[in-house]
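Residue numbers (the numbering used here): 8 to 253. Written below as structure tokens is the structure these notes are about.
Below, the structure is given as structure tokens:
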């Protein structure tokens, strides 16, 4: 899973440096509003909302912005949003999953299709690449939380399935339906997480050279720039040498 974890790290670094934080805040706020609309406005009674709030906090979204997003759900906002997943191929056949939240299905479909074609990709049918991924819960901790053995023991005790530890941190995976329970148990053992969310974890990867990797990043950046797009996931794999040149 080297490719996936490296991509997660790229996203992590990019997120920290992103000048357009208002766009990120907007996407996280939208998820909070929809999660609160679909269930209880109290995060303690609504696992999806709790995860959305947690992800927002990990990206430094201010408390008043989070509270405002929850209040919007009670005022009727978020009624028209629907979640649509698009699947396609990027450079060299790399698989791409695009998760969107939109109040205009036609607009979003048109924009996503256009973005793929302008950046050397092809939008496919639903299911065209989904079989190359598994829906998983992902919990991330900084390296400073403990050594690999300590985190592994805590993860297994919490009901997780797998752990990947490196100098950059610890990534813990679990069944998607267990994420709320596992993250709660991990927080009791290890403290506050750096990130807790549902992800698409690749089961097969496609290796990319520098040129294709640069083209993929251009496609992903263009997709993420769309306000309707919540998250983009790919199954690339690349060598350390290629990653260092990006």
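In this text, a Cβ means the ideal position worked out from N, Cα and C, and glycines have one as well. Keep in mind that this is a model prediction, so the values were computed, not measured.
The segment 43-58 and the segment 126-137 do not touch, with fewer than 3 CB-CB distances between them shorter than 8 Å. A distance below 8 Å between beta-carbons, with the five flanking residues on each side excluded, links residue 30 to the following residues of its chain, in chain order: 232, 234. Taking C-beta atoms as the reference points, residue 197 and residue 158 count as a pair closer than 9 Å.
In this structure residue 224 is buried. Its beta-carbon is surrounded by 16 or more other beta-carbon atoms within 10 angstroms. Among the bridge pairs identified by DSSP, residue 209 is matched with 140. Counting only runs of 4+ residues, the alpha helix (DSSP H) found wholly inside the segment 148-179 occupies 155-165, in chain order. In the DSSP assignment, residue 68 falls outside any beta strand (DSSP E), carrying neither H nor E. For the set 92, 248, 78, 68, the Cα lying nearest the Cα of residue 214 is the one of 248. The DSSP-derived three-state label of residue 246 is coil.
Here residue 229 carries a helix assignment [DSSP, helix/strand/coil].
Scanning the segment 100-144 for uninterrupted alpha helix (DSSP H) segments of 4 residues or longer gives 112-125, listed from N- to C-terminal end. For residue 138, the number of other beta carbons within 10 angstroms of its own is below 16, and it is reported as exposed.
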